[in-house]
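Under our numbering, read the sequence shown as residues 4 to 127, first letter to last.
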Amino acid sequence: MPRLYSSSDPFAGKGEAIFNMGGKEALYFKYVNQFQAHYQDSCQLLCHYLDSRDYEKAHILVHSIKGLASTLGMLTLKKQAEALEVTLREGKFYALPALLIAFQIAMAQVVQSPFPHSSSSVGT
């Protein structure tokens, strides 16, 4: 069974993400805000897909979240999405309940958090 990951900071990779965006914090904040708005209901949608046994749509949703979480430095969410994605791809549906709970927690931390704190040393 894939490992469950945890971090107290849902934006633990923020510094590297801002660096990769040319040091533009405003751009980073814009994308985090868009992520939070667009994916706020994604856990309910994912549960709907899983309840309907539409594993392909569930996989696509989780894959998209994983990629964006990676780009935006949401390391715990990225790792949880990655674990879910592998489990879905491998058809190990018995492992989904525990992974889904961990994913939901990580997603809630990201979506419900205020903007990550700015860092004056990033991108200099």
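Every residue, glycine too, gets a C-beta built ideally from N, C-alpha and C.
In this text the structure is predicted, and so the values were computed from the model without any measurement.
Where residue i falls: helix, strand or coil (DSSP)
i: Arg56; result: coil
i: Gly126; result: In this prediction, Gly126 has a pLDDT of 40, which is less than 50 and means its spatial position is unreliable; what the coordinates show is noted afterwards. Coil, per DSSP.
i: Ala40; result: helix
i: Ala15; result: coil
i: Ser9; result: Caution applies to Ser9, whose pLDDT of 49 falls short of 50 and renders its modelled position unreliable; the value that the coordinates give is listed next. It is coil, neither helix nor strand.
Beta-carbon proximity check, residue i vs residue j, cutoff 9 Å
i: Leu103; j: Leu87; result: yes
i: Leu71; j: Met110; result: no
i: Leu193; j: Val65; result: Here the chain comprises residues numbered 4 to 127, so residue 193 is not present and cannot be evaluated.
i: Gln43; j: Val89; result: no
i: Gln112; j: Cys46; result: no
i: Leu53; j: Leu99; result: yes
With 16 other Cβ atoms within 10 Å as the buried cut-off, status of residue i
i: Glu85; result: buried
i: Pro13; result: buried
i: Ala40; result: exposed
i: Lys1; result: The chain is shown only over 4 to 127; residue 1 falls outside these bounds and no answer can be derived.
Inset, instruction - Could you tell me whether the segment 19 to 33 touches the segment 53 to 67, using the rule of 3 or more Cβ pairs below 8 Å? - result: No, because fewer than three Cβ pairs between the segment 19 to 33 and the segment 53 to 67 fall closer than 8 Å, the two stretches do not touch.
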